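Going down the list, the sequences are from chains A and B. This note's numbering numbers the first residue of the first sequence as 538 and each following residue consecutively. This note's numbering numbers the first residue of the second sequence as 538 and each following residue consecutively. Every residue gets a Cβ at the ideal spot worked out from N, C-alpha and C, and that includes glycine. Remember, it's a predicted structure, so these values are computed and weren't measured experimentally. First up is the structure itself, then whatever we jot down about it.
2 protein chains.
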Amino acid sequence: MRVIHYSEVPAERVEEDAKGVWIRWVIREEDGAKNFVMRHFEIEPGGYTPHHTHPWEHEVFILGGSGVLVGEDSETEFGEGDVIFVPASEKHQFKNTGRGSLRLLCMIPSKDRCKL
Amino acid sequence: MRVIHYSEVPAERVEEDAKGVWIRWVIREEDGAKNFVMRHFEIEPGGYTPHHTHPWEHEVFILGGSGVLVGEDSETEFGEGDVIFVPASEKHQFKNTGRGSLRLLCMIPSKDRCKL
């Protein structure tokens, strides 16, 4: 079993079509996570993730701050304690519209899922 | 896409070999989560989950409070912001040793994983 504080994992800047987004891969496949992995995101005020789509889902929990989830043609506000499910292949973007940092967990399937 | 506050999901008491434990299934297979599901746990002061083992892993994030993770023959303290990975088939138990409520997210694989 492994217990670490999320802040012990180095934060990497997300470069592609994003602004002010930092990612920490807190539970990775290398840790033994064969089915899904956990990432911690921090998005600066005014920052956003790419407005994109991909063939895997997101399961998200908002740890702190507030923002909007931008879909194909919709915007939904969210805040601390909200749970978000983004199905595979749905266009999405997380924008920080608050004054402070937006912090969230985002889980995705592992790459080697179902190959065991 | 689906956005709800975790508290909108009814809390169910965990009965089996547990004390003061409440679970909310915030992202379920019925929501389209074919690979893994998200549960929100609240454990009262002095409460604990079963000291058990099963053939699937846990990915946990501590939202608030403090406690100990009891293994086969070890105890590890944890607190807010800690990330815990419990591999499949390792004995484990979460105990609330703090004064307040212990809140955590715990993700597990979906039952129908890899059957698509």
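Residue i classed as buried or exposed, judged by whether at least 16 other C-beta atoms fall within 10 angstroms
i	result
E609(B)	exposed
R640(A)	buried
E552(B)	exposed
E594(A)	buried
Length of the line joining the Cα atoms of residue i and residue j
i	j	result
I541(A)	M575(B)	20 Å
T590(A)	A625(A)	8 Å
E607(B)	P547(B)	With the sequence shown as reference, residue 607(B) is identified as Val, and Glu is not the correct amino acid for it. Using only the alpha carbons, I get a separation of about 28 Å.
M644(B)	E614(A)	24 Å
V558(A)	D554(B)	42 Å
E566(A)	P592(B)	17 Å
S544(A)	R636(B)	24 Å
V620(B)	F573(B)	17 Å
P646(A)	E549(B)	27 Å
F622(A)	V597(A)	6 Å
S611(A)	K628(A)	10 Å
R561(A)	I560(B)	27 Å
Residues that residue i contacts on chain E, provided the C-beta gap is smaller than 8 Å
i	result
S544(A)	Considering every chain present, this structure includes no chain E. Its protein chains are A and B.
Beta-carbon separation (whole angstroms), residue i vs residue j, contact threshold 8 Å
i	j	result
K556(A)	G601(A)	That pair is no contact at about 19 Å.
Neighbourhood of residue i by C-beta, 6 Å cutoff - its chain only, sequence neighbours within 5 removed
i	result
N633(A)	I580, P582, G584, G604, L639
I599(A)	F615, E617, D619, L641
DSSP bridge partner residues for residue i (one or two, in chain order)
i	result
M575(A)	I564(A), M644(A)
S603(B)	G616(B)
V636(B)	In the sequence as presented, Val is not what sits at residue 636(B); that position holds Arg. DSSP, once it has assigned bridges, lists no residue as partnering R636(B).
H542(B)	D619(A)
W559(A)	R550(A), E579(A)
H595(A)	V623(A)
H629(B)	H589(B)
Close Cβ partners of residue i (< 7 Å) along its chain, the five nearest in sequence each way excluded
i	result
V563(A)	Y543, V546, M575, R576, H577
Q630(A)	Y585, T586, P587, H588, V607
Same chain, Cβ closer than 8 Å to residue i, five either side skipped, listed in chain order
i	result
A570(A)	I564, S647
D568(B)	R539
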